[in-house]
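Protein chains in written order, with this note's numbering: chain A, 879 to 1041; chain B, 879 to 1041. Here's the structure, in structure tokens; my notes come after.
Number of protein chains: 2
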Amino acid sequence: MKVLGIDPGSRITGYGIIQKLGNRLLHVDNGAIFTDTSGDFPQRLHKIYTGLTEVIERYQPDAMAIEQIFFSNNVQSALKLGQARGAAIVAGVNAGLPVAEYTALQVKQAVVGHGKAAKEQVQQMVKILLNLPEIAQADASDALAVAICHANSVALRTAGKIR
Amino acid sequence: MKVLGIDPGSRITGYGIIQKLGNRLLHVDNGAIFTDTSGDFPQRLHKIYTGLTEVIERYQPDAMAIEQIFFSNNVQSALKLGQARGAAIVAGVNAGLPVAEYTALQVKQAVVGHGKAAKEQVQQMVKILLNLPEIAQADASDALAVAICHANSVALRTAGKIR
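In structure tokens:
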């Protein structure tokens, strides 16, 4: 099973593709889509959409995973983040992918083993679990983390250990 | 020139199509896309995207207009609204439409003549300007209002009266 994890943002949208083969997690690719902040906002959303659509066409993942967001600094940033997230999710569902959402707690538990892990611990564990040469760019690392969370929770569901 | 106005929301997305012929504004159609609130959120975003894409294919507008949002009740609703808005805007830019954003003040000024108009006054003026038999559904009416704003501001720009 190949999973595309995404960490959307109005300036930087991280993505990470991993493959689960049996019990092994393999890193396929990761990267980030940078939107030109001087451009108009609809065009920035378009860039997120087309960038992720290209990633999906190239790697043909079986599912998309994304962190569920409940908080933001303020209403302004929530509106911007929401729009970026909407563009990203539409890229997934338009490509026919099931889109799974996970809370930050679920992602941390899946990657580090407990829900109180610091951001740096998550990045370090992503590097170790996927055998990366170095810690990935922050947004790409977060995207890989939610992809790992999805791959493991699907495995657990399949094994009947969680619903 | 044919303009598609939209008023996105995570539960109801209003749309309205008008045509400007010389100085005349003609109503083409209006309606609303209702998303099933029991469904998962990515599928709701997909419904907004596909619903608007169908409207664009049917009426072939020259531009999309949308109200710019700065405020929301809270971060939660801003995130939801943002995602709906992102899905709607991507439907426009993916269809090759220029997407114009207007503030609520600009929309009220364009439709009623001053920026302090109440919601009911805007709805009443939309009905009168477009010769509707009755006031349109609230979200569709708001969508028609921003379409009127765009049609008139493009006319003013073309006439060199505003930049």
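Glycine included, each C-beta is placed from N, C-alpha and C at the ideal position.
Residues Met942 and Val977 of the same chain have their beta carbon placed closer than 6 Å to that of A:Gly970, with the five preceding and five following residues left out of the count. The C-beta of A:Ser950 comes closer than 8 Å to at least one C-beta of chain B. Looking at the DSSP output, A:Met879 sits in no beta bridge, so it has no partner there. When secondary structure is reduced to three states using DSSP, A:Asp940 falls in the coil class, being assigned neither helix nor strand. Assignment of A:Asp918 by DSSP, reduced to helix, strand and coil, places it in the coil class. For the stretch 903–930 of chain A, the set of residues with a beta-carbon nearer than 9 Å to any beta-carbon of chain B comprises Asp918, Phe919, Pro920, Gln921, Leu923, His924, Ile926, Tyr927 and Thr928, in chain order. Listed along chain B are Gly960, Gln961, Arg963, Gly964 and Ile967, each with a C-beta nearer than 8 Å to that of A:Gln961.
The beta-carbon of B:Gly970 is placed less than 8 Å from the nearest beta-carbon of chain A. The shortest CA-to-CA distance from B:Ala973 to any of B:Gln999, B:Asp1020, B:Tyr937 and B:Ala962 is the one to B:Tyr937. For A:Gln999, the CB contacts under 7 Å within the same chain, skipping 5 residues up- and downstream, are Val990 in chain order. Here A:Lys994 carries a coil assignment [DSSP, helix/strand/coil]. Here the stretch 907–927 of chain A lies against the stretch 960–970 of chain B, with 3 or more beta-carbon pairs under 8 Å apart. Judged by their CB atoms, A:Lys880 and A:Asp918 are not nearer to each other than the 8 Å cut-off. The three-state reading of DSSP puts A:Thr981 in coil, since its state is none of H, G, I, E or B.
Of all C-beta pairs linking the stretch 943–954 of chain A to the stretch 992–1010 of chain B, fewer than three are shorter than 8 Å, placing the two stretches out of contact.
Assignment of B:Arg889 by DSSP, reduced to helix, strand and coil, places it in the coil class. Below 8 Å, too few C-beta pairs join the stretch 1023–1035 of chain A and the stretch 889–906 of chain B to call them touching: fewer than three. At a cut-off of 8 Å between beta carbons, A:Leu882 makes no contact with chain B. In the DSSP assignment, A:Ile967 falls within the unbroken alpha helix (DSSP H) covering Val953 to Asn972. Look at B:Leu983: its C-beta is not under 8 Å from any C-beta on chain A. Within chain A, Leu957 have C-beta atoms less than 8 Å from the C-beta of B:Ile947, given in sequence order.
Excluding sequence positions up to five before and after A:Val933, its CB lies within less than 6 Å of the CB of Tyr893, all in the same chain and listed in chain order. One alpha carbon belongs to A:Leu899, the other to A:Pro920, and they sit about 39 Å apart. With fewer than 16 other Cβ atoms inside 10 Å of its own Cβ, B:Arg1035 counts as exposed. Of all alpha-carbon atoms in B:Gln946, B:Pro886, B:Ser888 and B:Gln987, the one lying nearest the alpha-carbon of B:Thr981 is that of B:Gln946. CA-to-CA, the gap between B:Ser916 and B:Leu959 works out to about 17 Å. Around B:Gly909, the same chain offers Tyr893 and Ala1018 as residues with beta carbons nearer than 7 Å, after the five sequence neighbours per side are excluded. Between the beta-carbon of A:Lys986 and that of A:Ala995 there is about 5 Å, and that keeps the pair under the 8 Å contact cut. Residues of the same chain with a CB within less than 6 Å of the CB of B:Gln897, apart from the 5 flanking positions on each side, are Lys880, Leu904 and Val906 in chain order.
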